[in-house]
Structures are given as C-alpha cells and as structure tokens.
Amino acid sequence: AQSVTQLDSQVPVFEEAPVELRCNYSSSVSVYLFWYVQYPNQGLQLLLKYLSGSTLVKGINGFEAEFNKSQTSFHLRKPSVHISDTAEYFCAVRNTGGFKTIFGAGTRLFVKA
Amino acid sequence: DSGVTQTPKHLITATGQRVTLRCSPRSGDLSVYWYQQSLDQGLQFLIQYYNGEERAKGNILERFSAQQFPDLHSELNLSSLELGDSALYFCASSVGGWGESTDTQYFGPGTRLTVL
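Protein sequence lines correspond, in order, to chains A and B.
Residues 2 to 114 (the numbering used here) make up the first sequence, in order.
Residues 3 to 118 (the numbering used here) make up the second sequence, in order.
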C-alpha cells in the first residue's frame, strides 16, 4: 500500500523568503509524484509532476520539486514567495500503471507581508 | 478555470436523506474521478469511471454510488446521509484512464455538502 506524509501542517513565511514544503512517500512499486495547490474556495490545481527522467521538476508559478528515490522524498521549493502563494499544498502519489491517487494531508502555506 | 463543472456548489440536507452531485468533465476527457475532502480524513479518492465503466475504487462507502453516463457526465449519489458525510466533494477528469496513469487530473470547484 502507498502512503504520503507531509511533514508540516502549516508553514508561515515572510514574503520574498524561500520556502520548502516537505513530502515523503512510501510505496513498494514505482510511483509518479504530484504537487497540487488549492486556493481558498477552489478546487485543486496541478503545480508539477514527476513521471520519469530528470529528478528536478519545474512547475508553474516558480515552484520546483526534487525527486529523491533513496530518501523517498519529493519536496517542493520556491526561492521567493509572494502573498498570492498563500494556499494549501498537497503532495500526491500514484502507482505507475495505477489510477488511484493518494494525497497527503496538506500543508497550509501562509505568506506574511 | 479547469473546465470541469460541478453542481450544486452548496447543498444542505438532513440526516437520513439522499442527494445527487453532478459533474461534467472537460471536453474530450473520458475519465471522471470523485474525491471527498473533510477536515479529519483529508482528501480521499472515492471512485473512478472511464468511458462509462468503473475503473478503480477507493474508500467509497456502500451508501455511496456513482455512475458515468453516455455523454460522460457523472453523478455521485449519497444516501442515508450521516453527519460525518459533511465534506467537500470534488470531481476531477482526465483524458485517458486505461493504462495511462501519467494523466493529469483536472479538478472541479467542488460541492460543499452539509448534513444537519
């Protein structure tokens, strides 16, 4: 069975500071990894995904994530955050060849002025 | 705007009742997924349909059922509602669904269900 752990439930950070949202996963088979963002009162939007190839994945809004197979991690980073990045961020995993996507509990990023 | 529409946006009902949530996928998408998001359980995958057929099942209760119609819209039926069923219900769609697990899922805005 797969599982996803987002290590921080809330991350407060000042505007223009860098941020890292941590995600660890557990799976006995190969996986695809995803980060989604959910703005208040909206559905989830895909930020980026890792399917294969380069372990550093660049997404929308200046976010990037690095897949680390040995540490089973897929941490999300942004070098300089904006107030508009305030949202909930979900890490998700899906077996290659499967369709069931398992989501982490979410990390609420709060960007302060 | 993801292109996925869900109706209604809000639904308030009483325990023991039955409701139907509706989802229209993006144009061209054949797969529809249903998720439940609650404070205590987080975001949980319920069920997936591909071109009218059930493809994958998650933590869906027996009181819940879904179907996908020939025009590809989907409905999630929730019956004998309990207080704990109060949650946001999301629908997502993707192009494929058969051997194409790399597909991106596009989420609708959700239906907020409140059971009183």
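Where is the CB? At the ideal position from N, CA and C, for every residue including glycine.
Continuous beta strand (DSSP E) stretch holding residue i: start and end
i     : result
A:H1  : Chain A is shown only over 2 to 114; residue 1 of chain A falls outside these bounds and no answer can be derived.
B:L23 : 21–26
B:A68 : 66–70
A:N69 : 65–69
B:N79 : 76–80
B:Q8  : 7–9
B:G44 : 44–52
A:P13 : 11–15
B:A89 : 89–96
A:N25 : 24–27
A:V38 : 32–39
A:S4  : 4–7
B:A58 : 55–59
Amino acids of chain B, ordered along the chain, whose beta-carbon sits closer than 9 Å to that of residue i
i     : result
A:K70 : Those within 9 Å of A:K70 in chain B number zero; the least Cβ separation is about 18 Å.
Residues near residue i by beta carbon distance below 8 Å, same chain, minus five either side
i     : result
A:E65 : L49, L57, V58, K59, L77, R78, K79
A:V14 : V20, V82, L110, F111, V112, K113
Cross-chain neighbours of residue i in chain B, by beta carbon under 7 Å
i      : result
A:Q43  : P111
A:L47  : T106
A:A106 : G44
A:F75  : Those do not exist, as A:F75 stays about 16 Å from chain B at its closest Cβ, beyond 7 Å.
Neighbourhood of residue i by C-beta, 6 Å cutoff - its chain only, sequence neighbours within 5 removed
i      : result
B:R114 : H12, L90
B:R65  : S81, S82
A:T6   : N25
A:V123 : The requested residue 123 of chain A is not part of the displayed model; chain A covers only 2 to 114.
B:L74  : P27
A:L8   : R23
A:S74  : N25
B:T22  : E77, N79
B:L118 : A16
Amino acids of chain B, ordered along the chain, whose beta-carbon sits closer than 8 Å to that of residue i
i      : result
A:K101 : F47, Q50, A58, G60
Per-residue contacts from residue i into chain A (C-beta, under 7 Å)
i     : result
B:F66 : Neighbours of B:F66 on chain A: none; closest Cβ ~16 Å, over 7 Å.
Assumed close pair residue i, residue j - CB separation to whole angstroms, cut-off 8 Å
i     : j      : result
B:S88 : B:T116 : 5 Å
B:L32 : B:G98  : 7 Å
Proximal chain A residues relative to residue i, where beta-carbon distance stays under 8 Å
i    : result
B:S4 : G44, Q46
Closer than 9 Å at the beta carbon, the chain A residues around residue i
i     : result
B:F71 : None at all; the shortest Cβ gap to chain A is about 20 Å.
Interface residues of chain D facing residue i [CB-CB closer than 9 Å]
i     : result
A:F91 : The chain labelled as chain D is not found among the protein chains of the depicted structure, namely A and B.
- Does the pairing of the segment 80–90 of chain A with the segment 104–111 of chain A give three or more beta-carbon distances under 8 Å? For the pair of segments examined, the segment 80–90 of chain A was found to touch the segment 104–111 of chain A: the number of CB pairs separated by less than 8 Å reaches three.
- Message: Taking contact to mean 3 or more Cβ pairs, one atom from each stretch, closer than 8 Å, check whether the segment 69–77 of chain B and the segment 27–36 of chain B are in contact.
- Response: Because the criterion of three Cβ pairs below 8 Å is met, the segment 69–77 of chain B and the segment 27–36 of chain B touch.
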